[in-house]
Amino acid sequence: MTNWRARHYQLRITKRRTLHVTVRRFRRTSVPSLQHAINLRLGRVRQIVWQVRVKHRRGRPAGQVLSSQRRRLFASGLPVGLIAVGLIGASYCSYQLLRPRTLEPHRTFITTAAETISATPVAPLTLARSLPTHIAIPSQNIDVDITPVDRDSNGAIALPPLFAWLAGWYDLSPTPGELGPSIIVGHVDTYQGISVFWNLRYVQQGDTVAISRADGSTANFTITALEQYDQNNFPTQMVYGNTSDAELRIITCGGNFDTTTGHYTQNTVVYAKLVGKA
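At position 127 of the sequence shown the residue is numbered 128 (the numbering used here), and the sequence of numbers has no breaks.
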């Protein structure tokens, strides 16, 4: 079972006794049974474990959890309200931890992609066909190998394997540097943590994208725009349509994470234009 996130809280009961509450979040739905544990199913399994720890006393190690002391403590009339307050507070903190993430780009950088691609050079710079092998965006510490991807069973562009630290080049699009929009895709995160394009939404206009190619050359691009689109209203023609010069589209997930579908509601799209070769 994979432990997704855990936090610990303490509530002083007496001078010698402290209530310790641990809030854990798990991806999978199989949770071992533990004494004094409450399992809550709210989309994913949460687990709240509490225990009373007694300070060091003669003949006992410091910090040892004493089940007999716990029984006497509860039997002696410990106010139920203290336990309720602790559990309610831990539940609230667990809820805050597990709220769906929202991945939004910097609004100050958002521009209209149609405006950025309207001015095209008279003689566009292009490169001969060569498969991409690596992508680097130094400003955001993105530095990852590229693997070709095709279409999935639904006809959409397939993604690289979920836990492989790889970006994917759509093999039916131009290679980076050829005339037209070359498409690079990748995961933003997984249930185990962040993925290759986690920082993509932080890029800025003018940042450099370097694509290493199989012929040993590097195609250098400059970022011209960053957009976020609803997946239910994705501008297919604007993103994938023909262009009059060599361009790049880097695509990952964004917006709100929908716990009912297990997917993000939007896509983050970076637009870039070829500026040179190394």
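Backbone N, C-alpha and C define an ideal beta-carbon position, used for all residues, glycine too.
Burial state of residue i, where buried means 16 or more other Cβ atoms lie within 10 Å
{"i": "Q193", "result": "exposed"}
{"i": "R13", "result": "exposed"}
{"i": "M233", "result": "For the record, residue 233 in the displayed sequence is Asn; it is not Met. With fewer than 16 other Cβ atoms within 10 Å, it is exposed."}
{"i": "N155", "result": "exposed"}
{"i": "A273", "result": "buried"}
{"i": "T262", "result": "exposed"}
{"i": "G1", "result": "Lying outside 2 to 279, the shown extent of the chain, residue 1 is not represented and no answer is given."}
{"i": "L43", "result": "Low per-residue confidence applies at L43: pLDDT is 39, beneath 50, and the placement is therefore not dependable, though the value from the model is reported in the following sentence. Exposed, since its Cβ has fewer than 16 Cβ neighbours within 10 Å."}
{"i": "R130", "result": "exposed"}
{"i": "A124", "result": "exposed"}
{"i": "V189", "result": "buried"}
Proximal residues to residue i (C-beta, below 8 angstroms), its chain only, five neighbours per side dropped
{"i": "T127", "result": "G178, E179, L180, D246, A247, L275"}
{"i": "F235", "result": "N268"}
Short Cβ contact (9 angstroms threshold) for residue i with residue j
{"i": "I1", "j": "F198", "result": "The chain is shown only over 2 to 279; residue 1 falls outside these bounds and no answer can be derived."}
{"i": "A279", "j": "T219", "result": "yes"}
{"i": "I184", "j": "I147", "result": "no"}
{"i": "S213", "j": "A137", "result": "yes"}
{"i": "A280", "j": "T134", "result": "The shown model of the chain, from 2 to 279, leaves out residue 280, and the question about it has no answer."}
{"i": "T225", "j": "Q238", "result": "no"}
{"i": "Q229", "j": "N268", "result": "yes"}
{"i": "W166", "j": "V145", "result": "yes"}
{"i": "V204", "j": "Q141", "result": "yes"}
{"i": "L160", "j": "D153", "result": "yes"}
{"i": "T253", "j": "G187", "result": "yes"}
{"i": "L132", "j": "T176", "result": "yes"}
Sequence-distant residues of its chain with Cβ nearer than 7 angstroms to residue i (five each side left out)
{"i": "D172", "result": "P149, V150, D151"}
{"i": "P1", "result": "Only positions 2 to 279 of the chain appear in this structure, which leaves residue 1 out of reach."}
{"i": "N243", "result": "G181"}
{"i": "N200", "result": "Q141, N142, I143"}
Own chain partners of residue i with C-beta closer than 6 angstroms, once the 5 adjacent residues on each side are dropped
{"i": "I251", "result": "I185, V271"}
{"i": "P211", "result": "In the sequence as presented, Pro is not what sits at residue 211; that position holds Ala. A137, T219, N221, listed in sequence order."}
{"i": "N168", "result": "Rather than Asn, the amino acid found at residue 168 in this sequence is Ala. Taken in chain order, the residues that qualify are I136, V145, I147, I185, G187, V197."}
Residue i Cβ short of 8 angstroms to the ligand MN heavy atom set
{"i": "T253", "result": "With respect to small molecules bound, the structure shown includes none, and the ligand MN cannot be examined in it."}
(message) Give the list of continuous beta strand (DSSP E) stretches no shorter than 3 residues that lie fully inside the stretch 224-271.
(response) 247-259
(request) With a floor of 3 residues, list each beta strand (DSSP E) that falls wholly inside the stretch 177-227, ordered by position along the chain. (result) 181-186, 209-214
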